[in-house]
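Presented below is the structure to which this report refers.
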Amino acid sequence: MSQQDIVYKSKINKIRSFALILIFVGFAFMYGGIFARNMSWLMYLLFIFGILSIILSTVVYFWIGMLSTKAIPIICPNCEKQTKMLGVVDACMHCRQPLTLDKDLEGKEFDEKYNRRSYRKKVKEKLN
Ligand SMILES: [Zn+2]
Numbered sequence: 127m128s129q130q131d132i133v134y135k136s137k138i139n140k141i142r143s144f145a146l147i148l149i150f151v152g153f154a155f156m157y158g159g160i161f162a163r164n165m166s167w168l169m170y171l172l173f174i175f176g177i178l179s180i181i182l183s184t185v186v187y188f189w190i191g192m193l194s195t196k197a198i199p200i201i202c203p204n205c206e207k208q209t210k211m212l213g214v215v216d217a218c219m220h221c222r223q224p225l226t227l228d229k230d231l232e233g234k235e236f237d238e239k240y241n242r243r244s245y246r247k248k249v250k251e252k253l254n
């Protein structure tokens, strides 16, 4: 059972937490820059790192926005709330129920490998 106890995070949520961490890292760098103001080269370096991670986080947030428009909205069968799916397999954003768009995968163990391009191609060929 221990293998099945692993909780899967929805991909959109995963990327969102990554972007949030980047913002905190950026602020941490800039905060460090304030302490390093006696060494101006270090202060500038830390500020540049801080600004870069905040810019990167903005880019990631923008990317999630783009991904969300491509994600397929569905009603989770477990918690009956609306969630968005990315790829063939994903987890519910609210209850983390593993979800799939492929009928053949129903009941199978959740595996990220089903999102690989090669697998998706196979599914497409089967449908044609
Ligand atoms: Zn759910």
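According to this note's numbering, the sequence shown holds residues 127 to 254 in order. All residues carry an ideal CB built from backbone N, CA and C; glycine is no exception. For clarity, every value in this text was computed on a predicted model and none was experimentally measured.
Proximity winner among the options, relative to residue i (alpha-carbon distances)
| i | options | result |
| --- | --- | --- |
| F153 | V186, I174, P203, R142 | I174 |
| S194 | N204, E251, N139, K135 | N139 |
| L227 | P203, I141, F155, I147 | P203 |
| M192 | L212, R242, E235 | L212 |
| V215 | E235, C205, G158, I177 | E235 |
| I200 | I190, S244, L225 | L225 |
Through-space distance from residue j to residue i, alpha-carbon basis
| i | j | result |
| --- | --- | --- |
| A145 | V186 | 6 Å |
| I141 | A197 | 13 Å |
| A217 | I181 | 28 Å |
Beta-bridge pairing of residue i - partner residues as DSSP gives them
| i | result |
| --- | --- |
| A217 | P224 |
| P199 | K210 |
Residue-level contact to chain C via CB, residue i, 8 Å cutoff
| i | result |
| --- | --- |
| T195 | Among the chains in the structure shown there is no chain C, since it carries only a single protein chain. |
Assumed close pair residue i, residue j - CB separation to whole angstroms, cut-off 8 Å
| i | j | result |
| --- | --- | --- |
| G159 | L172 | 4 Å |
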